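Q: I'd like to ask some things about the structure below.
4 protein chains.
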Amino acid sequence: MNDAPAEPRPALRDDRSEPGTARPGAAGRTSAGPRRSKASADAILDAAQDLLAEAGYAGFSIEQVAKRAGAGKPTIYRWWNGKAALLLDVYARQKLVLTDDDTGTLEGDLASMLCSVSRFWRETPAGDIFRSIIAEAQSEPSALEALRSFLGERRHHVAAVFERARARGELDEGFDLDTTLDIVSGFLWARLLVRRLDDDLEGFNSFARQIARGVTRR
Amino acid sequence: MNDAPAEPRPALRDDRSEPGTARPGAAGRTSAGPRRSKASADAILDAAQDLLAEAGYAGFSIEQVAKRAGAGKPTIYRWWNGKAALLLDVYARQKLVLTDDDTGTLEGDLASMLCSVSRFWRETPAGDIFRSIIAEAQSEPSALEALRSFLGERRHHVAAVFERARARGELDEGFDLDTTLDIVSGFLWARLLVRRLDDDLEGFNSFARQIARGVTRR
Amino acid sequence: MNDAPAEPRPALRDDRSEPGTARPGAAGRTSAGPRRSKASADAILDAAQDLLAEAGYAGFSIEQVAKRAGAGKPTIYRWWNGKAALLLDVYARQKLVLTDDDTGTLEGDLASMLCSVSRFWRETPAGDIFRSIIAEAQSEPSALEALRSFLGERRHHVAAVFERARARGELDEGFDLDTTLDIVSGFLWARLLVRRLDDDLEGFNSFARQIARGVTRR
Amino acid sequence: MNDAPAEPRPALRDDRSEPGTARPGAAGRTSAGPRRSKASADAILDAAQDLLAEAGYAGFSIEQVAKRAGAGKPTIYRWWNGKAALLLDVYARQKLVLTDDDTGTLEGDLASMLCSVSRFWRETPAGDIFRSIIAEAQSEPSALEALRSFLGERRHHVAAVFERARARGELDEGFDLDTTLDIVSGFLWARLLVRRLDDDLEGFNSFARQIARGVTRR
DNA sequence: GGATAACCGAGACGGTACGTCTTGTCTTAAA
DNA sequence: TTTAAGACAAGACGTACCGTCTCGGTTATCC
């Protein structure tokens, strides 16, 4: 998903040949050239991710990212229009690993998915990053926009679970996919936002049972 | 509702006798005494609320609140330990008016409650304030703590709906109140955070139907 | 000298009878009555002097003096109109101990006096206090006024040395006392202000010899 | 005179090429680059000088200087480490115009110099600035250090007068230049600090006569 | 001998300034 | 022409004092 970072510029060839000689500068990275430097972009995203992991959203500033990446602030602002865009790209880099196993029932699949997402957010930087994006979206219109479109993209992971259920004939004829997806993501967001991402098996099972009961045919 | 605002001091008598003579100062507000000045506190909370309404969370700063309230910054920091505490008090002042009418069925009650909360957040400053608190909680531990305890307090409003249903004998014996409340509030939070608080009757009904089906006995 | 502190009030009897019962307050000092409390005044002056000794002029604030004295700020402002007045009173409390011995010659007396004043300023808080007063006088008109009148009072100590010389017949008939006193105090002030109060015997002797040669008859 | 202002950075080329286009900002000043902006430094020093002239040392604050200069506070703190450093640079900018005319005698030269310095301090901002520096030095160690080294630099102006006298053969063989310079500057400082800089010809002549008598050979 | 008036401590108040931090724009020099 | 570097204006941050004002409480004096 979204493996092309949000570029305000048309589309540059990002791959640049390796530098011939090392600079005396911070990391061996050669500075500049007429194309966008993939090395720089990577360094910036790495720095952003690390910083977020270490200092949290509170300590996350463009200033610090630039310093840590050995990049100039204008370089960041040239390619991302603010914190939010940067955060989104960082989130997009996270490899979403969900153990989307087919347990045979909607209820089982749902519980499994909750566990999976919960673990993903808990054990990778993704959770903190996503929290930050939501927070940023509350004051930054562009972040809100990004968050919304982002939502649509991630939707299909959960949707797949219900598609399987539909294929099995489990679902009621009046099943409303959109609302159901909102329920699932809302439930997860709330846990994320109050930092209650523990592996609450009982709660997840309870959730899954209830949702499954609500949407399956009798 | 949170009728004890987050006061760092034990409990002061906030009511002060009427000022004898007017100060030459800005407003007619009399300045100071060894007790907390209710007038100041009110002016600050009013200013905070207005500022949030006008400039949003992005433009909300202690500096501006102080200026607008005609108060000194130290006065704010004396009684609230940061943005979050101030926001919480502002939220606590909002009169939660929910048309909690008994429609006779759980489904009806649920749909009604969603409408009611949605309208409350949409048509009063409360929604924006609450969004701000959630955002603040992502970087400020104290705000997170406040948000959590806050959650517990508001919980009973939704719980009441389910208690009525239980009294009617609608509920399944395995009904899990906590999880269900999390579902409801999660659904509402998500709508609030992506600013999709429109009066989505169809969606609310769909949600209510599904939840009701999931928890009622067959 | 100046043993009546700069009182803005007409003239109260400062001595108060001993309190009958101790207050639960800080130091057992009883609080108030319709007369000025000598105990409070002393506590304030003590605190001011100690604070100046410990934290220097930079750390000297009415706030701290009040806290340390266990006094209310208004009590300080009631009896002194600012830092400067307080400092002056503190300086006035310093017992000026000058070994004003008659060496038989103007030159000897002068050198002796320089040593004496220098040691006084160096070994008691007086030097730091006086420095503070001069500093304060640069921004506070009232302090300037006080400094000027103060100057007049202290003048006679040095004048006495020259009076003795005149009595001995050492002085030239065109001797200008005022200018000479300005020279002596200026010399000492400059040393004080750049904190070069070491016991510079050679310098003092050189000064004394030169001044004496300048004013004695040939 | 102190032509190298107290720069914390080694030595930057302060001159920058002319701006191509005007900024929308306050004045027509173009904004910055990786070198120190001379325009900003000048604006800050101008503002500091004007502010000191208008509001005096009491009203002199970094805050006000920044506002008046249209500069950011961090810009000031980047190049000067506090009030004192700024004041010193402002003083260093004052063109010391002393009518150092050779009157033929030490006494005449001295009187002339006193008049000259007195007028300089009285009729230019220099006097007020210098008073402020002395005051600042009483609470700020760095200012004290600066004041001391400053002293050394300015010393030779007065020294020149005595050098001329020595060349004329006026001086006694035991003449002590250091002490004498301390006397002269002490006399002037004291007058400055109690704001008695009037053109006291009589006093100056008296001073000059006495000093001259003290150091000339018989 | 009870009322009164001035003192006292405490500390909240509106302000101003402090020195630091971050933001987003701009300029330079190197590559 | 992009880059790293970093100066810049702007302004918020949270803290320290300023000098004023109110509070209750205490106590010496005067009716």
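Sequence lines, in order, name chains A, B, C and D.
Using the UniProt record's numbering, read the first sequence as starting at 1 and increasing by one per residue.
Using the UniProt record's numbering, read the second sequence as starting at 1 and increasing by one per residue.
Using the UniProt record's numbering, read the third sequence as starting at 1 and increasing by one per residue.
Using the UniProt record's numbering, read the fourth sequence as starting at 1 and increasing by one per residue.
Yeah, the Cβ is synthetic: ideal placement off N, Cα and C, and Gly gets one too.
Please read all numbers here as calculations on a predicted model, not as lab measurements.
Cβ atoms of SER185 of chain D and VAL215 of chain D: under 8 angstroms apart, would you say?
A: Along the fourth sequence, one-based indexing puts residue 215 of chain D at 215. Along the fourth sequence, one-based indexing puts residue 185 of chain D at 185. Result no, Cβ atoms of VAL215 of chain D and SER185 of chain D do not sit closer than 8 angstroms.
Q: Among residues of its own chain, excluding the 5 on either side of ALA137 of chain B, which ones have a beta-carbon nearer than 8 angstroms to its beta-carbon?
A: Here residue 137 of chain B refers to the residue found at position 137 of the second sequence. ALA84, ALA143, LEU144, ALA146, LEU147, listed in sequence order.
Q: Using a beta-carbon distance below 8 angstroms, is ARG217 of chain C in contact with chain D?
A: The residue given as residue 217 of chain C occupies position 217 in the third sequence. By this cut-off, ARG217 of chain C is not an interface position.
Q: With 16 as the cutoff for other CB atoms within 10 Å, does LEU106 of chain B come out buried or exposed?
A: Looking up residue 106 of chain B in the second sequence gives position 106. Buried, by the Cβ-count rule.
Q: For a minimum of 4 consecutive residues, which ranges assigned as the alpha helix (DSSP H) are wholly contained in the region 76–112 of chain D?
A: Correct list: 83–93.
Q: Report yes or no: is there a C-beta of chain A within less than 8 angstroms of the C-beta of LEU147 of chain B?
A: In the second sequence, the residue the question calls residue 147 of chain B occupies position 147. Cβ-Cβ to chain A under 8 angstroms: yes for LEU147 of chain B.
Q: What residues from chain D crowd round VAL194 of chain C, counting only those whose CB sits closer than 8 angstroms?
A: Looking up residue 194 of chain C in the third sequence gives position 194. The contacting residues are ALA137, LEU144, LEU147, ARG148, LEU151.
Q: Grab me the residues of LEU98 of chain C's own chain with a C-beta within less than 8 angstroms of its C-beta, minus the 5 sequence neighbours each way, in chain order.
A: Position 98 of the third sequence holds residue 98 of chain C. If we look at LEU98 of chain C and ignore the five residues flanking it on each side, its Cβ neighbours are MET113, SER116, VAL117, PHE120, HIS157.
Q: Counting contacts by CB-CB distance shorter than 8 angstroms, is ASP182 of chain C in contact with chain D?
A: For the purposes of this step, residue 182 of chain C is taken as the residue at position 182 of the third sequence. Interface residue, yes.
Q: Mapping DSSP to helix, strand and coil, what is LEU45 of chain C?
A: What you label residue 45 of chain C is simply residue 45 of the third sequence in a count that begins at 1. Three-state DSSP puts LEU45 of chain C in a helix.
Q: Going residue by residue through the region 115–193 of chain D, where are the continuous beta strand (DSSP E) segments of at least 3 residues, counting only ones entirely within it?
A: none
Q: Output, in chain order, the set of chain D residues within a Cβ distance shorter than 9 angstroms of GLU140 of chain C.
A: In the third sequence, the residue the question calls residue 140 of chain C occupies position 140. ALA58, listed in chain order.
Q: Roughly how many angstroms lie between the CA atoms of GLY59 of chain B and LYS95 of chain A, to the nearest whole one?
A: Residue numbering aside, residue 59 of chain B sits at position 59 when the second sequence is read from its first letter. Residue numbering aside, residue 95 of chain A sits at position 95 when the first sequence is read from its first letter. Their Cα atoms are separated by approximately 35 angstroms.
Q: Is there a C-beta anywhere in chain D that falls below 8 angstroms from the one on LEU121 of chain C?
A: To locate residue 121 of chain C, count along the third sequence from 1; it is residue 121. Reading off the sequence, residue 121 of chain C comes out as Trp, not Leu. No, because no Cβ of chain D sits closer than 8 angstroms to the Cβ of TRP121 of chain C.
Q: For the structure I just gave you, are there three or more beta carbon pairs, one from the region 198–206 of chain D and one from the region 167–179 of chain D, closer than 8 angstroms?
A: no
Q: Would you check if the region 41–59 of chain C and the region 121–129 of chain C touch, i.e. whether three or more CB-CB distances between them fall below 8 angstroms?
A: yes
Q: What is the C-beta distance between VAL161 of chain C and ASP109 of chain C, in whole angstroms, given that I count them as a contact (C-beta under 8 angstroms)?
A: As a first step, residue 161 of chain C must be located in the third sequence, where it is residue number 161. As a first step, residue 109 of chain C must be located in the third sequence, where it is residue number 109. Rounded, the Cβ-Cβ distance is 5 angstroms, consistent with contact.
Q: Output the distance between the C-alpha atoms of GLY82 of chain B and GLY70 of chain B, rounded to the nearest integer angstrom.
A: Counting from one through the second sequence, the residue named residue 82 of chain B turns up at place 82. Counting from one through the second sequence, the residue named residue 70 of chain B turns up at place 70. In a straight line, the C-alpha of GLY82 of chain B is about 18 angstroms away from that of GLY70 of chain B.
Q: Any heavy atom of the ligand COA inside 7 angstroms of the beta-carbon of PRO125 of chain B?
A: The ligand COA is absent from the structure shown, which contains no ligands of any kind.
Q: Below 8 angstroms on C-beta distance, what does ILE129 of chain D contact in chain C?
A: Residue mapping note: residue 129 of chain D aligns to position 129 of the fourth sequence, counting from 1. Near ILE129 of chain D there are no residues of chain C at all, since even the closest Cβ is about 11 angstroms away, more than 8 angstroms.
Q: Could you check where the alpha helix (DSSP H) with ARG217 of chain A kicks off and where it finishes?
A: By 1-based counting over the first sequence, the position of residue 217 of chain A is 217. Element bounds for ARG217 of chain A: n/a, residue is neither H nor E.
Q: If we ignore side chains and look at the alpha-carbon of each, how far apart do TRP189 of chain D and ALA190 of chain C end up?
A: Numbered from its first residue, the fourth sequence carries residue 189 of chain D at position 189. Numbered from its first residue, the third sequence carries residue 190 of chain C at position 190. Approximately 7 angstroms, taken between the alpha carbons.
Q: Whole angstroms are fine: how far does the CA of LEU88 of chain C sit from the CA of LEU197 of chain C?
A: Position 197 of the third sequence holds residue 197 of chain C. Position 88 of the third sequence holds residue 88 of chain C. Their backbone Cα atoms lie some 21 angstroms apart in a straight line.
Q: Tell me the residue span of the alpha helix (DSSP H) that contains ALA66 of chain D.
A: The residue labelled residue 66 of chain D in the question sits at position 66 within the fourth sequence. 62–69 is the extent of the alpha helix (DSSP H) around ALA66 of chain D.
Q: Distance check for PRO74 of chain A and LYS38 of chain B, CA to CA, integer angstroms please.
A: Counting from one through the second sequence, the residue named residue 38 of chain B turns up at place 38. Counting from one through the first sequence, the residue named residue 74 of chain A turns up at place 74. The straight-line gap from Cα to Cα measures roughly 47 angstroms.
Q: Helix or strand or just coil, what does DSSP make of ASP50 of chain A?
A: Against the first sequence, residue 50 of chain A aligns to sequence position 50. ASP50 of chain A: helix per DSSP, three-state reduction.
Q: Let me see if you follow: with CB-CB separation under 8 angstroms, is GLN210 of chain A close to chain B or not?
A: Taking the first sequence and counting its residues from 1, the one referred to as residue 210 of chain A is at position 210. It does: the Cβ of GLN210 of chain A has a partner Cβ on chain B nearer than 8 angstroms.
Q: Secondary structure at GLY59 of chain A, three-state DSSP: helix, strand or coil?
A: The residue given as residue 59 of chain A occupies position 59 in the first sequence. Three-state DSSP puts GLY59 of chain A in a helix.
Q: Quick check on ALA167 of chain D: buried or exposed, where buried means 16 or more other Cβ atoms within 10 Å of its Cβ?
A: In the fourth sequence, counting from the first residue as 1, residue 167 of chain D sits at position 167. Classification for ALA167 of chain D: exposed.
Q: Which residues in chain B sit within 7 angstroms of ARG213 of chain A, going by Cβ to Cβ distance?
A: On the first sequence, residue 213 of chain A is found 213 positions in, with the first residue counted as 1. Near ARG213 of chain A (Cβ distances below 7 angstroms), the residues of chain B are ARG213, GLY214.
Q: Report the option in B:ARG164, B:SER139, B:ILE133 whose CA atom is closest to the CA atom of SER149 of chain B.
A: On the second sequence, position 149 is the one that residue 149 of chain B refers to. Residue B:ILE133 is the option with its Cα nearest to SER149 of chain B.
Q: Alpha carbon to alpha carbon, how far is VAL65 of chain B from ARG218 of chain A? Give it in angstroms, no decimals.
A: Position 218 of the first sequence, counted from the first residue, corresponds to residue 218 of chain A. Position 65 of the second sequence, counted from the first residue, corresponds to residue 65 of chain B. Their backbone Cα atoms lie some 57 angstroms apart in a straight line.
Q: Among A:GLU163, A:ILE183, A:PRO141, whose alpha-carbon lies nearest the alpha-carbon of ASP102 of chain A?
A: Along the first sequence, read from residue 1 onward, the residue named residue 102 of chain A stands at position 102. Measuring from the Cα of ASP102 of chain A, the nearest candidate turns out to be A:GLU163.
Q: Decide if ASP182 of chain C is buried, meaning its Cβ has at least 16 other Cβ atoms within 10 Å, or exposed.
A: Taking the first residue of the third sequence as position 1, residue 182 of chain C is located at position 182. Residue environment for ASP182 of chain C: buried (at least 16 other C-beta atoms within 10 angstroms of its C-beta).
Q: Between ASP55 of chain C and chain D, is there a C-beta pair that is closer than 8 angstroms?
A: Start at 1 with the first residue of the third sequence, and residue 55 of chain C comes out as number 55. With the sequence shown as reference, residue 55 of chain C is identified as Ala, and Asp is not the correct amino acid for it. Not closer than 8 angstroms to any Cβ of chain D, the Cβ of ALA55 of chain C fails to qualify, so no.
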